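Undergrad: Mind having a look at this structure? Questions to follow.
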Amino acid sequence: MSDFFQNGAITTLHRLQHNRLAEMENELLAFSKERPMALVLPSLYSELQGPALNNIIEQIREIPYLSQIVIGLDRADRSEFNHAREFFSKLPQPHKILWNDGPNLQAIDRLLAEEGLAPIEPGKGRNVWYCYGYVLASRQAEAVALHDCDILTYNRELPARLFYPVANPSFNYEFCKGYYYRVADNKLNGRVCRLLVTPLIRALKKVIGNMDYLNYLDSFRYALSGEFATRVDSLKEIRIPSDWGLEVGVLSEIYRNHSSNHICQVEIADAYDHKHQELSEEDASRGLSRMSTDIAKAIYRKLATQGVIFNKETFRTLKATYYRTALDAIEAYYNDACINGLKLDRHQEEKTVELFTRNIMLAGDSFLDNPMETPFMPSWNRVISAVPDIMQRLDEAVEKDNTQ
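Read in order, the letters of the sequence shown correspond to residues 330 to 733 in the working numbering.
As structure tokens, this is what we get:
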């Protein structure tokens, strides 16, 4: 049962059976002989002390098919890194920690900075980029999946469903995006996707016309999910943003490099909850305010590469069209909440849309004022070309941290 004929032509794989975990894990174990699998976990040190990560590790340690686990650790000093090594030592699978703030990886970063290739902005994007580099350097996997470390409702069916489409040798998928429904504490969540991304994409269709790229983005049920899997070869080619545009940036790069029949999305959970960002109305550099601006700019930049010409009049029209589209969406979500016995604060929803409306214009102004801005991290193919022994250096740096 797939949505093959929906706009965007990516296949949707639904979660119809709820008791298939053991069978799926056995199949994935068989697949792993041909396609070894690596799981990437980008983590802040603070998440080791949070409510989610301990359960995530307890679940992962029971997974039989993983050949490699790569943990990207941010914002950790020496004693915190040592604690992280102990924390993750309960994993029976081969695993390595990238201590991003440690001297060995900082030396790698300085080397790349001399070539103008180091990520400039700290954060999840930079963490993921180095983890992907290490997966390539270690040559232990043919398929790689990534998920966040703050998932409160985590169980090990999530990575199984995420890996299955790209690990199954009889499937032709190169990339798989996870999706789920954002309901927790009896209310609808997922504000940025519901109230920014979907209305913005549909407003752009009205303003600049129908485009394959916009249909492609619109076909993802949760474009901002932090869970996706891909074949390892794809990691060499993609250029991803270092800001909050990471998820949209990855989708854009996959669109550039692969045909739509090699891309799918899969339902990975009945329920999903994680830590929530503040709206941050008073500080545009934080929370959902910063996120909404970065995401809008990521979409504008991609459209510009497709030949779309933007000017101030375009963004004024887009602002008005988005606002009306988003208000209509609030009405639909309110009705959806009511029929399912959920709560939805319409006043807060409209305040959120007003903030996003302002940031759509701010993102447009920033895009026009800084046409040479390139917040993308380079592809690993480019890095290898500039520093031919970078894979060996990165592998040795990680090994040194994990064995000292």
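Cβ atoms here follow ideal geometry from the backbone N, Cα and C, with glycine treated the same way. Since the structure is predicted, the reported quantities are computational estimates derived from the model, not experimental observations.
By DSSP's criteria, Met366 is part of a beta bridge. Which residues make up the other side?
TA: Position 37 of the sequence shown, counted from the start, is the residue given in the question as residue 366. Paired residue(s): Leu395, Ala472.
Undergrad: Is the beta carbon of Leu427 closer than 7 Å to that of Tyr374?
TA: On the sequence shown, residue 374 is found 45 positions in, with the first residue counted as 1. On the sequence shown, residue 427 is found 98 positions in, with the first residue counted as 1. Leu427 sits away from Tyr374, with the two beta carbons spaced by 7 Å or more.
Undergrad: Could you say which of Gln594, Pro451, Ile385 lies nearest to Ser571 if we only look at CA atoms?
TA: Here residue 571 is taken as the residue at index 242 of the sequence shown, counted from 1. Measuring from the Cα of Ser571, the nearest candidate turns out to be Pro451.
Undergrad: Tell me which residues share the same chain as Val682 and place their Cβ nearer than 6 Å to its Cβ, disregarding the 5 neighbours each side in the sequence.
TA: Indexing the sequence shown from 1 puts residue 682 at position 353. So the qualifying residues of the chain are Leu524, Ala655.
Undergrad: Mind checking which residues open and close the alpha helix (DSSP H) that includes Ala600?
TA: As a working mapping, residue 600 is identified with position 271 in the sequence shown. Counting along the chain, Ala600 falls outside any alpha helix (DSSP H), and DSSP gives it neither H nor E.
Undergrad: Need the endpoints of the alpha helix (DSSP H) that Cys667 sits in, please.
TA: Counting from 1 along the sequence shown, the entry for residue 667 is found at position 338. Start and end: 641-668.
Undergrad: Mind listing, in chain order, the continuous alpha helix (DSSP H) runs of no fewer than 4 residues lying wholly within the stretch 405-445?
TA: 407-417, 432-443
Undergrad: Thinking Thr559 and Phe492 are a contact (beta carbons under 8 Å), I'd like their distance in whole angstroms, please.
TA: In the sequence shown, the residue the question calls residue 559 occupies position 230. In the sequence shown, the residue the question calls residue 492 occupies position 163. That pair is no contact at about 10 Å.
Undergrad: In whole angstroms, give me the CA-to-CA distance for Cys667 and Arg511.
TA: Taking the first residue of the sequence shown as 1, we reach residue 667 at position 338. Taking the first residue of the sequence shown as 1, we reach residue 511 at position 182. Each residue's Cα considered, the two are about 15 Å apart.
Undergrad: Would you mind sorting Thr634 into buried or exposed? The rule is 16 or more other CB atoms within 10 Å of its CB.
TA: Taking the sequence shown and counting its residues from 1, one reaches residue 634 at position 305. Classification for Thr634: exposed.
Undergrad: From what residue to what residue does the beta strand (DSSP E) around Phe557 run?
TA: The residue labelled residue 557 in the question sits at position 228 within the sequence shown. Segment 557-560, the beta strand (DSSP E) holding Phe557.
Undergrad: Residue ranges of each alpha helix (DSSP H) run of no fewer than 4 residues wholly in the stretch 672-731, ordered along the chain?
TA: 675-698, 709-715
Undergrad: Return the chain-ordered list of same chain residues with a C-beta closer than 6 Å to the C-beta of Pro423, the five sequence neighbours on each side being excluded.
TA: Counting from one through the sequence shown, the residue named residue 423 turns up at place 94. Excluding sequence neighbours, Pro423 sits near Gln397.
Undergrad: For my contact list, Leu382 and Cys478 are in at a C-beta cut-off of 8 Å; report their separation, rounded to the angstrom.
TA: To locate residue 382, count along the sequence shown from 1; it is residue 53. To locate residue 478, count along the sequence shown from 1; it is residue 149. Indeed they touch by this definition, with Cβ atoms about 5 Å apart.
Undergrad: Please report the Cβ distance between Glu566 and Asn586, rounded to the nearest whole angstrom; I am assuming they are in contact, meaning their Cβ atoms lie under 8 Å.
TA: On the sequence shown, position 237 is the one that residue 566 refers to. On the sequence shown, position 257 is the one that residue 586 refers to. Confirmed, about 5 Å.
Undergrad: Looking at the unbroken beta strand (DSSP E) that takes in Thr340, where does it start and where does it end?
TA: Position 11 of the sequence shown, counted from the first residue, corresponds to residue 340. That run of the beta strand (DSSP E) goes 340-342.
Undergrad: Pairs of beta-carbons, one from the stretch 535-543 and one from the stretch 625-645, closer than 8 Å: are there three or more?
TA: yes
Undergrad: Nearest by alpha-carbon distance to Ala513: which of Thr703, Lys453, Asn669 is it?
TA: Taking the first residue of the sequence shown as position 1, residue 513 is located at position 184. The closest CA to that of Ala513, considering only Thr703, Lys453, Asn669, is found on Asn669.
Undergrad: Buried or exposed for Arg568, please, with buried defined as at least 16 other CB atoms from any protein chain shown within 10 angstroms of its CB.
TA: Counting from one through the sequence shown, the residue named residue 568 turns up at place 239. It counts as buried.
Undergrad: Quick one: Cα of Tyr509 to Cα of Ala598, how far?
TA: Locating residue 509 in the sequence shown gives position 180, counting from the first residue. Locating residue 598 in the sequence shown gives position 269, counting from the first residue. When rounded, the distance between both Cα atoms is 6 Å.
Undergrad: Sorted by chain position, which residues of the same chain lie with C-beta nearer than 7 Å to Lys516's C-beta, five sequence neighbours on each side aside?
TA: Residue mapping note: residue 516 aligns to position 187 of the sequence shown, counting from 1. Residues Leu671, Lys672, Leu673 of the same chain have their beta carbon placed closer than 7 Å to that of Lys516, with the five preceding and five following residues left out of the count.
Undergrad: How is the alpha helix (DSSP H) around Phe360 delimited, first residue to last?
TA: For the purposes of this step, residue 360 is identified with residue 31 of the sequence shown, where counting begins at 1. Per DSSP, Phe360 belongs to the alpha helix (DSSP H) from 350-360.
Undergrad: Alpha helix (DSSP H) containing Glu486: first to last residue?
TA: Along the sequence shown, read from residue 1 onward, the residue named residue 486 stands at position 157. Taken as a continuous stretch (DSSP letters only), the alpha helix (DSSP H) holding Glu486 covers 486-496.
Undergrad: Leaving out five residues before and five after Met353 in sequence, what residues of the same chain have Cβ atoms less than 8 Å from its Cβ?
TA: Translated into the one-based positions of the sequence shown, residue 353 becomes position 24. Cβ neighbours of Met353 beyond the five flanking positions: Glu486, Ala489, Arg490, Tyr493.
Undergrad: According to the Cβ coordinates, are Leu395 and Leu368 closer than 7 Å?
TA: To locate residue 395, count along the sequence shown from 1; it is residue 66. To locate residue 368, count along the sequence shown from 1; it is residue 39. Cβ atoms of Leu395 and Leu368: closer than 7 Å.
Undergrad: Output needed for Asn688: all residues of its chain with C-beta closer than 7 Å, excluding positions within five of it in sequence on either side, in chain order.
TA: The residue labelled residue 688 in the question sits at position 359 within the sequence shown. Shown here for Asn688: same chain residues with a beta carbon closer than 7 Å to its own, the five before and five after excluded, namely Ser618, Ser621, Thr622, Ala625 in chain order.
Undergrad: Does the distance from the C-beta atom of Glu576 to that of Leu553 stay below 7 Å?
TA: In the sequence shown, the residue the question calls residue 576 occupies position 247. In the sequence shown, the residue the question calls residue 553 occupies position 224. Against a cut-off of 7 Å, the Cβ pair of Leu553 and Glu576 comes out as a contact.
Undergrad: Exposed or buried, which one is Met701 when buried takes at least 16 other CB atoms within 10 Å?
TA: Mapped onto the sequence shown, residue 701 falls at position 372. Per the 10 Å Cβ criterion, exposed.
Undergrad: Would you please state the rounded distance, in angstroms, between the beta carbons of Leu377 and Phe410? I believe it to be under 8 Å.
TA: Within the sequence shown, residue 377 is the residue found at index 48, counting from 1. Within the sequence shown, residue 410 is the residue found at index 81, counting from 1. Contact flag wrong, Cβ pair sits at about 11 Å.
Undergrad: Going by C-alpha to C-alpha distance, which of Lys680, Leu529, Met706, Phe549 sits closest to Leu632?
TA: Residue numbering aside, residue 632 sits at position 303 when the sequence shown is read from its first letter. Cα-wise, what sits closest to Leu632 is Leu529.
Undergrad: Check the C-beta distance from Phe360 over to Ala470 and give it rounded, since I have them as a contact under 8 Å.
TA: As a position in the sequence shown, residue 360 is number 31, starting the count at 1. As a position in the sequence shown, residue 470 is number 141, starting the count at 1. So it is not a contact: roughly 12 Å between Cβ atoms.
Undergrad: Helix, strand or coil, according to DSSP, for Ser375 in the structure here?
TA: The residue labelled residue 375 in the question sits at position 46 within the sequence shown. Note: Ser375 maps to helix in three-state DSSP.
Undergrad: Kindly give me the distance between the Cβ atoms of Tyr766 and Thr686, rounded to whole angstroms, as I take these residues to be in contact under 8 Å.
TA: An answer regarding residue 766 cannot be provided, because it is not within the stretch 330 to 733 covered by the chain.
Undergrad: Roughly how many angstroms separate the alpha carbons of Gly454 and Leu564, rounded to a whole number?
TA: Position 125 of the sequence shown, counted from the first residue, corresponds to residue 454. Position 235 of the sequence shown, counted from the first residue, corresponds to residue 564. About 13 Å.
Undergrad: Leaving out five residues before and five after Gly578 in sequence, what residues of the same chain have Cβ atoms less than 6 Å from its Cβ?
TA: As a working note, residue 578 is residue 249 in the sequence shown. Ile569, Pro570, Ala627.
Undergrad: What separation, rounded to the nearest whole angstrom, lies between the Cα atoms of Asn393 and Pro380?
TA: Counting from 1 along the sequence shown, the entry for residue 393 is found at position 64. Counting from 1 along the sequence shown, the entry for residue 380 is found at position 51. Sequence inspection shows Pro at residue 393; the Asn mentioned does not correspond to that position. Their Cα atoms are separated by approximately 25 Å.
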